[in-house]
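J.: Right, I'll just put the structure down here and ask away after.
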Amino acid sequence: MSARLFTPVDLGGVTLPNRIVVSPMCQYAAVDGSAQPWHQVHYGMLSMSGAGLLCLEATHVEREGRITQGCLGLYSDANEAALKPVIEWIRGWMPHVKLGVQLAHAGRKASAQRPWKGGGPLTGADAPDLPWTTVSASAIAYDKGWHTPVALDEVGLERVKQAFVSAVERSLRLGFDLIELHGAHGYCLHQFLSPLSNQRSDAYGGTMEKRRRFPLEVFEACRRLVPAEKALGIRLSATDWVEGGLTLDDTVETARQLKALGCDFIDVSAGGNSPAQKIAVAPGYQVPFSARIRKEAGIKTWAVGVITEPEQAERIVAAGEADCTAHARAFLVDPRWGWNAARALGAETPPLPLPAARGATILPFRPQASHARAAE
Numbered sequence: 250m251s252a253r254l255f256t257p258v259d260l261g262g263v264t265l266p267n268r269i270v271v272s273p274m275c276q277y278a279a280v281d282g283s284a285q286p287w288h289q290v291h292y293g294m295l296s297m298s299g300a301g302l303l304c305l306e307a308t309h310v311e312r313e314g315r316i317t318q319g320c321l322g323l324y325s326d327a328n329e330a331a332l333k334p335v336i337e338w339i340r341g342w343m344p345h346v347k348l349g350v351q352l353a354h355a356g357r358k359a360s361a362q363r364p365w366k367g368g369g370p371l372t373g374a375d376a377p378d379l380p381w382t383t384v385s386a387s388a389i390a391y392d393k394g395w396h397t398p399v400a401l402d403e404v405g406l407e408r409v410k411q412a413f414v415s416a417v418e419r420s421l422r423l424g425f426d427l428i429e430l431h432g433a434h435g436y437c438l439h440q441f442l443s444p445l446s447n448q449r450s451d452a453y454g455g456t457m458e459k460r461r462r463f464p465l466e467v468f469e470a471c472r473r474l475v476p477a478e479k480a481l482g483i484r485l486s487a488t489d490w491v492e493g494g495l496t497l498d499d500t501v502e503t504a505r506q507l508k509a510l511g512c513d514f515i516d517v518s519a520g521g522n523s524p525a526q527k528i529a530v531a532p533g534y535q536v537p538f539s540a541r542i543r544k545e546a547g548i549k550t551w552a553v554g555v556i557t558e559p560e561q562a563e564r565i566v567a568a569g570e571a572d573c574t575a576h577a578r579a580f581l582v583d584p585r586w587g588w589n590a591a592r593a594l595g596a597e598t599p600p601l602p603l604p605a606a607r608g609a610t611i612l613p614f615r616p617q618a619s620h621a622r623a624a625e
């Protein structure tokens, strides 16, 4: 029997050649949101990984919505122009690989240091013009010592929504096959969904139905722009991992409503909205969330979270727990993870450009070195 992991899958109007996704991974290497030579090297390398879909990192829709000063953006003409040659290079060398982009707004978790600088809130000690003003559903800081955000009023809500719309337009001009909105990990759209960060008393807060209103409005506005031959989905945190926070039941219903609006897939993650979260990390620890959302909302899902073994990924898709598996650090450890997974599972290896294929096919296959045992 052929490996299920290496069969095609339709997401909206896009057919992936296999079910392996390179998950979005922030690089913190942009300058004012614009891609740099690092992005050319990084994404060029990952385009040859054997994955059916390469999804670019969190790409921010507003300058003030960036997590850090080094985060990628699509909020200006300069950002769009800088990303174009990266996409063109991949299209030229790896035309069969589908390309996605994750569009994000960090909300109250914006204006932060790069991880290797500590990852805390920016201060004037980092640069004279820092920090910048952050926004969120409510004026509640992420943690002690973090910036207290400005609660978005009607004008601010419309501005953020239109920023997503504008970034979708830029993404389509760049030729991305798939767009993912970032509604997880404690960023702006997640902040509206969670009672931990949304304590509004207007039409956008209070009940779960009201808390999901703004994210659904953003999705609907973006959906109107994305043509049928493309795909539009969203990453959601299934739970806050905190008592009194967002629950899996809440997220199942959100997924149902997103499907009714034309959502093509849910990238199912968890957490990120509270420093008090308690997570028992283990291989595949978030897969049950994907399985339940897929079954009860009737929507295609991606499973993420410590999925590092080809056999593990194969079991997940073969059991119907997800339609795709998305991997992050595994690809940093082994940039040919998808290609090596095909060899490990006895599937046909994805195509590589001739300069890379020559070396890959000459070397003998060693199953014990075929994949990364890395924490996702």
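Numbering-wise (this note's numbering), the sequence shown opens with residue 250 and increments by one.
All C-beta atoms in this analysis are idealised placements derived from N, C-alpha and C, irrespective of residue type, glycine included.
1) Could you give the uninterrupted runs of the alpha helix (DSSP H) lying entirely in the segment 504–532, keeping only those of 4 residues or more?
2) S385 bridges to which residues according to DSSP?
3) Buried or exposed: W551, going by 16 or more other Cβ atoms within 10 Å of its Cβ?
4) For E625, I'd like the list of residues in its chain whose CB is within less than 7 angstroms of its CB, leaving aside the five on either flank, ordered along the chain.
5) Taking S296 as the reference, give the member of H309, V310, P273 with the closest Cα.
6) Please classify H620: is it buried, with 16 or more other beta-carbons within 10 angstroms of its beta-carbon, or exposed?
7) Whether or not the segment 402–414 and the segment 483–496 are in contact is what I'm after, with contact meaning three or more pairs of Cβ atoms, one per stretch, closer than 8 angstroms; do they touch?
8) Tell me, to the nearest whole angstrom, how far the beta carbon of V517 is from that of A487; I am working on the premise that it is less than 8 angstroms.
9) What are the partner residues of P370, as DSSP defines its beta bridges?
10) G595: buried (16+ other C-beta within 10 angstroms of its C-beta) or exposed?
11) So, is E329 buried or exposed, given that buried needs 16 or more other C-beta atoms within 10 angstroms?
12) Helix or strand or just coil, what does DSSP make of K549?
13) Tell me the DSSP bridge mates of D259?
14) Which residues mark the beginning and the end of the alpha helix (DSSP H) in which A284 is found?
15) By Cβ distance below 6 angstroms, which residues in the same chain neighbour A252 in space, the five residues on each side in sequence not counted?
16) Rounded to whole angstroms, what's the CA-CA distance from C304 to D326? Just pull it up for me.
17) If distances are taken between C-alpha atoms only, which option among T264, A504, H309 comes closest to V280?
18) With DSSP as the reference, label S415 as helix, strand or coil.
19) Could you pull out every residue in the same chain whose Cβ sits closer than 7 angstroms to the Cβ of F425, ignoring the five residues on either side in sequence?
20) Restricting to Cα atoms, I'd like to know which of T264, V263, V270 is closest to C573.
21) For T598 and P364, what's the separation of their Cα atoms in angstroms?
22) Identify which residue in V536, R541, W588 has its Cα closest to the Cα of I565.
23) Do the CB positions of L481 and C512 come within less than 9 angstroms of each other?
24) Which term fits T264, buried or exposed, when burial requires 16 or more other beta carbons within 10 angstroms of its beta carbon?
25) Please confirm whether T503 and L430 have their CB atoms less than 9 angstroms apart.
26) Figure out for me which residue from P344, T256, T382 has the closest Cα to the Cα of G293.
27) Checking the sheet assignment: what are the DSSP bridge partners for E429?
28) Can you confirm whether the segment 410–424 touches the segment 376–387 when touching is taken to mean that 3 or more C-beta pairs between the two stretches lie within less than 8 angstroms?
29) Which runs of the alpha helix (DSSP H) spanning at least 4 residues fall entirely within the segment 549–578, listed in chain order?
30) Using the beta-carbon count (16 or more within 10 Å), is E570 buried or exposed?
31) G322 by DSSP, collapsed to three states: which one?
32) Measuring CA to CA, which of G367, I336, H434, W338 is closest to N522?
33) For E597, which of helix, strand or coil comes out of DSSP?
34) Do you know offhand how far R472's Cα is from P524's?
35) When we look at the beta-carbon of S387 and count the other beta-carbons within 10 Å, is it buried (16 or more) or exposed?
36) Tell me, to the nearest whole angstrom, how far the beta carbon of R357 is from that of T317; I am working on the premise that it is less than 8 angstroms.
T.: Inspection of the coordinates gives the following:
1) Considered as a whole, the segment 504–532 harbours no complete run of any alpha helix (DSSP H) with no fewer than 4 residues.
2) A400
3) Note on W551: 16 or more other CB atoms within 10 angstroms of its CB, so buried under the neighbour-count rule.
4) In this prediction, E625 scores a pLDDT of 39, lower than 50, which makes its location untrustworthy; the coordinate-derived value is nonetheless stated afterwards. Within the same chain, E625 has close Cβ partners V553, G554, V555, I556, T557, H576, A577, R578, A579.
5) Taking each of H309, V310, P273 in turn and checking the Cα distance to S296, the smallest one comes out for P273.
6) In this prediction, H620 has a pLDDT of 44, which is less than 50 and means its spatial position is unreliable; nothing more can be read from the coordinates.
7) no
8) 6 angstroms
9) Answer is A361, bridged to P370.
10) G595 comes out exposed.
11) buried
12) coil
13) T264
14) Per DSSP, A284 belongs to no alpha helix (DSSP H) and is neither H nor E.
15) E563, L594, A596
16) 21 angstroms
17) H309
18) helix
19) L348, G349, V350
20) V270
21) Taken atom to atom, the span from the alpha-carbon of T598 to that of P364 is near 35 angstroms.
22) V536
23) yes
24) exposed
25) no
26) P344
27) Q351, G482
28) no
29) Runs of the alpha helix (DSSP H) inside the segment 549–578: 559–567.
30) By the neighbour-count criterion, in which 16 or more other beta carbons inside 10 Å mark a residue as buried, E570 falls on the buried side.
31) strand
32) H434
33) E597 falls in the coil class under three-state DSSP.
34) 32 angstroms
35) Sixteen is the threshold: when 16 or more other Cβ atoms of the shown chains lie within 10 Å of the Cβ of S387, as they do, the residue is buried.
36) No, R357 and T317 are not in contact; Cβ-Cβ is about 14 angstroms, not under 8 angstroms.
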